[in-house]
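Let me begin by presenting the structure, written as C-alpha cells, before commenting on it.
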Amino acid sequence: MTDCVFCSIAAGDLPAEVVLETDDLVGFLDLRPVFKGHVLLVPREHVVTLPDLPAALRDPFLAAGQRLATAMVEGLGAQGSFVAMNNTVSQSVPHLHLHVVPRTKGDGLRGFFWPRTKYADGEAEEYAARLRAVLG
Numbered sequence: 001m002t003d004c005v006f007c008s009i010a011a012g013d014l015p016a017e018v019v020l021e022t023d024d025l026v027g028f029l030d031l032r033p034v035f036k037g038h039v040l041l042v043p044r045e046h047v048v049t050l051p052d053l054p055a056a057l058r059d060p061f062l063a064a065g066q067r068l069a070t071a072m073v074e075g076l077g078a079q080g081s082f083v084a085m086n087n088t089v090s091q092s093v094p095h096l097h098l099h100v101v102p103r104t105k106g107d108g109l110r111g112f113f114w115p116r117t118k119y120a121d122g123e124a125e126e127y128a129a130r131l132r133a134v135l136g
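The UniProt record's numbering numbers the first residue of the sequence shown as 1 and each following residue consecutively.
Listed below in C-alpha cells is the structure:
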C-alpha cells in the first residue's frame, strides 16, 4: 500500500533505524518510544491485524519477536521486555506491528494500560463456553 507508513519503511522509501531485517519482516525503532530501544516489528506484506497474518509468516514473526526480546536484554542491558500488539482498536497505524519495549524494574511502566475487572458468579464459565464454541 502506497499510503501506509509501515509499508513505506519496509520498502525503504521512508527512513527508519532498522535493527532487524529479513525477506519478510522489518524491525525498526519507534519514533515515539515508551523507552529508548522500543522496536516495532512489521511484516513487509501489508497485513492489518494478527488474524490477517498469513500462516507462513506466523512462525517467522514470533521468532523475530523472540530475537528482539532477547536483544533488549543482551544489547541494551534491560532486565526484560514488554511485548504487545493491538488489533484495530488503539492501532495507530493500520499495519500489524509488534511492540518490543525494553523493561527494567522500577522504570515506571505499570503493567497493562487499562483498568481490570472481575467476573460475576457464573460469568467466567459463560465467557469460556462462548470462546470454546468458536474455537471448536
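For every residue, glycine included, the Cβ atom is placed at its ideal position computed from N, Cα and C.
Item	Value
Those residues which DSSP pairs with residue 103 across a bridge	80
C-beta neighbour in chain D for residue 126, strict 7 angstroms	Among the chains of the structure shown, chain D does not appear; only one protein chain is present.
Buried/exposed call for residue 56, threshold 16 Cβ in 10 Å	exposed
Chain-order list of residues whose beta-carbon lies under 7 angstroms from that of residue 9 (same chain, five-residue window excluded)	16, 26 and 28
3-residue-minimum beta strand (DSSP E) runs that sit fully inside the stretch 12-89, ordered along the chain	18-21, 25-29, 39-43 and 80-84
Residue 93 vs residue 5 beta-carbon contact at 7 angstroms	yes
Terminal residues of the alpha helix (DSSP H) in which residue 128 lies	123-135
CB of residue 103 within 7 angstroms of CB of residue 78, strictly	yes
Selection from 85, 86, 37 and 97 that minimises the alpha carbon distance to residue 45	97
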